[in-house]
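Everything on this sheet refers to the single structure shown next.
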Amino acid sequence: MITDRPAIMVGGKEYVRVCKSIEVSTRSPLHIEFEIEHDVAFFRMENVVYAISNVCPHKRASVLSTGFVDGAVVTCPLHGRRYNVVTGENLTQGRGVSTYPVLELDGYVWINIHGASTPVITP
Ligand code: FES
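Each residue of the sequence shown is one higher than the last, beginning at 0 in numbering that gives the first Met the number 0.
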């Protein structure tokens, strides 16, 4: 449970407040560690915010928020694996990253931190 952030219930799911909407821009992904197992990168594309695990599965490095972003794709700055920030799919090879449900309400970004998807493996 995340106790230090305001929370709301939407559709029976708990969303916790992340930040002001203006803090996630197209040019500036945001990195927040909620709990030890929820290290999250937020990206804005075409005025929609998406959240994925910030941890590159290749070497378990917490770096994706510092990767190169091109459209819906972020490239890990360490060894170049590429991930779709909408689906979490690994566009190169191997395990993808978890995605998280995100909402924008009242000028804030909210995340369902316990609604993470299971990463898909690309053969
Ligand atoms: S740590 Fe990301 S590609 Fe190696």
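Note that beta-carbon positions come from the ideal geometry of N, C-alpha and C, so glycine has one too.
- Annotation for Gly-79 indicates a beta carbon within 8 Å of some heavy atom of the ligand FES.
- In the DSSP secondary-structure assignment, Phe-33 is not bridged to any residue.
- The Cβ atoms of Ile-51 and Val-62 do not sit closer than 9 Å to each other.
- In this structure, the beta-carbon distance from Ala-71 to Ser-97 does not fall below 9 Å.
- In the DSSP annotation of this structure, the continuous segment of the beta strand (DSSP E) that includes Thr-74 starts and ends at 72-74.
- Judged by DSSP in its simplified three-state form, Ser-61 adopts strand.
- The DSSP-derived three-state label of Ser-97 is coil.
- Annotation for Glu-88: no beta strand (DSSP E) segment contains it, and DSSP assigns it neither H nor E.
- For Val-47, the enclosing beta strand (DSSP E) begins and ends at 47-52.
- The beta carbons of His-30 and Thr-65 sit closer together than 9 Å.
- When Tyr-107, Glu-103, His-78, Tyr-99 are compared, the shortest CA-CA separation from Gly-93 is found for His-78.
- The beta-carbon distance between Val-119 and Glu-88, rounded to whole angstroms, is 6 Å. This is short enough to meet the 8 Å contact definition.
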